[in-house]
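The listed protein sequences correspond, in order, to chains A and B. Position in the first sequence (first residue = 1) + 64 = the working numbering. Position in the second sequence (first residue = 1) + 4 = the working numbering. C-beta atoms are modelled at their ideal positions from N, C-alpha and C, and glycine is treated no differently. The structure appears below as structure tokens.
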Amino acid sequence: MHYIDPHIHMVSRTTDDYARMAQAGCIAITEPAFWAGFDRSSAQGFHDYFRVLTETEPARAAQYGIRHFAWICINPKEAEDPGFAREVIALIPDFLDKPNVLGVGEIGLNKNSKNELEILEAQIALAKARDQLILVHTPHLEDKLKGTRLIMDALANHDVDPGRVLIDHVEEHTVGAVLDAGYWAGMTLYPDSKCTPERATDIIETYGRERIWINSAGDWGPSDPLAVPKCHVEMLRRGHPRETVKRISIDNPRTFLGQCAKFDVEDPS
Amino acid sequence: MAETPFTVPRPRSWVVDTYFMAHRAKLLDVAAFLDRVDRAPPDDGAAARTDDPRLVSLRAAIALLVDGEGDRARRILELFSDPSTDPIDRAPGKGAIGVWPDYDPDA
Ligand SMILES: [Zn+2]
Numbered sequence: 065m066h067y068i069d070p071h072i073h074m075v076s077r078t079t080d081d082y083a084r085m086a087q088a089g090c091i092a093i094t095e096p097a098f099w100a101g102f103d104r105s106s107a108q109g110f111h112d113y114f115r116v117l118t119e120t121e122p123a124r125a126a127q128y129g130i131r132h133f134a135w136i137c138i139n140p141k142e143a144e145d146p147g148f149a150r151e152v153i154a155l156i157p158d159f160l161d162k163p164n165v166l167g168v169g170e171i172g173l174n175k176n177s178k179n180e181l182e183i184l185e186a187q188i189a190l191a192k193a194r195d196q197l198i199l200v201h202t203p204h205l206e207d208k209l210k211g212t213r214l215i216m217d218a219l220a221n222h223d224v225d226p227g228r229v230l231i232d233h234v235e236e237h238t239v240g241a242v243l244d245a246g247y248w249a250g251m252t253l254y255p256d257s258k259c260t261p262e263r264a265t266d267i268i269e270t271y272g273r274e275r276i277w278i279n280s281a282g283d284w285g286p287s288d289p290l291a292v293p294k295c296h297v298e299m300l301r302r303g304h305p306r307e308t309v310k311r312i313s314i315d316n317p318r319t320f321l322g323q324c325a326k327f328d329v330e331d332p333s
Numbered sequence: 005m006a007e008t009p010f011t012v013p014r015p016r017s018w019v020v021d022t023y024f025m026a027h028r029a030k031l032l033d034v035a036a037f038l039d040r041v042d043r044a045p046p047d048d049g050a051a052a053r054t055d056d057p058r059l060v061s062l063r064a065a066i067a068l069l070v071d072g073e074g075d076r077a078r079r080i081l082e083l084f085s086d087p088s089t090d091p092i093d094r095a096p097g098k099g100a101i102g103v104w105p106d107y108d109p110d111a
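See the structure below:
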């Protein structure tokens, strides 16, 4: 079945992964800017990374017929030094104009610190001023519930339209509040943290198919670039119709991402 | 337009048939992990390993499994979560340990 993986860090993956994803039916991906597993030593390091996201990866994906889109930001794990973070933020506007960039992301919080929050708010303000879509990273593990609440407060303080924000990495304790507030919700399928295919399917059964999608968030850590089609197998074996799978992995991503005119991926059916 | 949530399309017996063996194995993994912790010698000078906040929260979470209430996954995640609401002054590092270290089962 065709699908879109709306959150995957292909910079950390091999070309073989692109090949396998294409064989599994992947037609498009979106790649948010994130922490690379080490802190960059300069703003120039981010500039180079943003070029990878806007030049190298789209070309690599195209070899396998996969459309590649990106999100640009400074991630919360490198936001504890606000002076440095603001140097990086100054680089963002030029990249927002690139043909494959859909918006600002993945911005958010990691340890829920004051500096992280300051840099999050600066990037929310930038996104608002430039009328950009926003992709939000919520913290890991014990910090997720508190961080998700702080992020939703910050978005509300900036009067951001919730329909133009996707809050990612939701789990059973955060999905309800995210959907109730009118945001889009992303479920990340990881082997040891976040959601498994089984729990993601449980959440869809409990909260419905509206304003929700699944992603692999494949990166350099324990993760699986084929997690999205594996979750489809789980949904189908439980007896959910193919139309539901399409809704989660084609229709919903097209509806949310299509709010940016650059996302011109057609319905493959 | 709100859509009514739906449910597992297949009957309860199918759910048990499909998932029982995998979850039997996961439960035994938890049991064997707790036994392994008990068998390991204490770290030098450190408090007994059973005081590790991760184990304190894990034991409390296991109790939630059998309290007769639903919404177990959500309630366990909440038990593992930092309940405070204000941002902290500085990030102590980047990592997270998986539970709120100040959780007190007797509070
Ligand atoms: Zn990510």
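Report whether the distance from the Cβ of residue i to the nearest heavy atom of ligand 1 is below 6 Å.
i, result
"Ala-281(A)", "yes"
"Pro-96(A)", "yes"
"Glu-180(A)", "no"
"Glu-170(A)", "yes"
What does a CB cutoff of less than 6 Å around residue i pick up in its chain, not counting 5 residues either side in sequence?
i, result
"Ser-105(A)", "none"
"His-111(A)", "Leu-155"
"Arg-263(A)", "none"
"Lys-74(A)", "The question names Lys, but residue 74(A) in the sequence shown is Met. Result list for Met-74(A): Glu-95 and Glu-121, in chain order."
"His-233(A)", "Thr-202, Thr-252 and Lys-258"
"Arg-311(A)", "Arg-273"
Skipping 5 residues on each side, what residues in its chain have a beta carbon closer than 8 Å to that of residue i?
i, result
"Met-5(B)", "Residue confidence for Met-5(B) is low, a pLDDT of 39 falling below 50, so the modelled location carries little weight and cannot support an answer."
"Gln-127(A)", "Thr-79 and Tyr-82"
"Val-383(A)", "Missing from the structure shown is residue 383(A); chain A here goes from 65 to 333 and no further."
"Lys-326(A)", "Phe-133, Pro-163, Asn-164, Val-165 and Leu-166"
What does a CB cutoff of less than 7 Å around residue i pick up in its chain, not counting 5 residues either side in sequence?
i, result
"Ile-130(A)", "Tyr-82, Met-85, Ala-86, Cys-90, Ile-91, Ala-92 and Ile-93"
"Arg-115(A)", "none"
"Glu-298(A)", "Pro-261, Glu-262 and Thr-265"
"Ala-13(B)", "The sequence as given places Pro at residue 13(B); Ala does not occur at that position. The answer is none, since no qualifying residue turns up."
"Phe-309(A)", "Per the sequence presented here, residue 309(A) reads as Val, with Phe not at that position. Counting only Cβ-Cβ distances below 7 Å, and skipping sequence neighbours, we find Met-65, His-296, Met-299 and Leu-300."
Measuring only from the beta carbon, is residue i closer than 6 Å to any heavy atom that is part of ligand 3?
i, result
"Pro-109(B)", "Among the ligands present in this structure, namely ligand 1, ligand 3 is not found."
Taking a Cβ distance cut-off of 8 Å, strictly less, list which residues of the stretch 104-130 of chain A are near chain B, in chain order. Hits within the stretch: zero.
Cβ-based contacts, 7 Å cut-off: residues of the stretch 68-86 of chain B near chain A: Residues passing the 7 Å Cβ filter: Ala-77, Arg-78, Leu-81, Glu-82, Phe-84, Ser-85 and Asp-86.
Using Cβ-Cβ distances below 8 Å, what residues of the stretch 302-317 of chain A are close to chain B? Arg-302, Gly-303 and His-304
Near-chain B residues of the stretch 194-208 of chain A (beta-carbon distance less than 9 Å), N- to C-terminal order: Taking 9 Å as the Cβ-Cβ cut-off against chain B, the residues of the stretch 194-208 of chain A that qualify are Pro-203, His-204, Leu-205, Glu-206, Asp-207 and Lys-208.
Inter-stretch contact at 8 Å, needing at least 3 Cβ pairs: the stretch 260-274 of chain A / the stretch 213-230 of chain A: no
Are the stretch 272-284 of chain A and the stretch 306-322 of chain A in contact at 8 Å, needing three or more beta carbon pairs? yes
What residues from the stretch 236-264 of chain A come within 7 Å of chain B, judged by C-beta to C-beta, listed N to C? Glu-236, His-237 and Arg-263
Can we say the stretch 136-147 of chain A touches the stretch 171-183 of chain A, given the rule of at least three CB pairs closer than 8 Å? Touching, yes, given that three or more Cβ pairs across the two stretches are closer than 8 Å.
May I ask you to list, following chain order, the residues of the stretch 161-177 of chain A that have a beta carbon less than 9 Å from some beta carbon of chain B? Leu-173, Asn-174, Lys-175, Asn-176 and Ser-177
Closer than 8 Å, Cβ to any Cβ of chain B: which residues of the stretch 210-223 of chain A, in chain order? Lys-210, Arg-213 and Leu-214
Listed from N- to C-terminal order along the chain, which residues in the stretch 87-106 of chain B have their beta-carbon within a distance smaller than 9 Å of any beta-carbon of chain A? Pro-87, Ser-88, Thr-89, Asp-90, Pro-91, Ile-92, Asp-93, Arg-94, Ala-95, Pro-96, Gly-97, Lys-98, Gly-99, Ala-100, Ile-101, Gly-102, Val-103, Trp-104 and Pro-105
Please list the residues of the stretch 268-299 of chain A that have a C-beta atom closer than 8 Å to any C-beta atom in chain B, keeping them in chain order. Glu-269, Thr-270, Tyr-271, Gly-272, Arg-273 and Glu-274
Compile a chain-ordered list of the residues in the stretch 33-63 of chain B whose CB is closer than 7 Å to at least one CB of chain A. Going along the stretch 33-63 of chain B in chain order, one finds no residue with a Cβ nearer than 7 Å to chain A.
Below 8 Å between beta carbons is the criterion; list the residues of the stretch 11-26 of chain B that meet it against any residue of chain A, in chain order. Thr-11, Val-12, Pro-13, Arg-14, Thr-22 and Tyr-23
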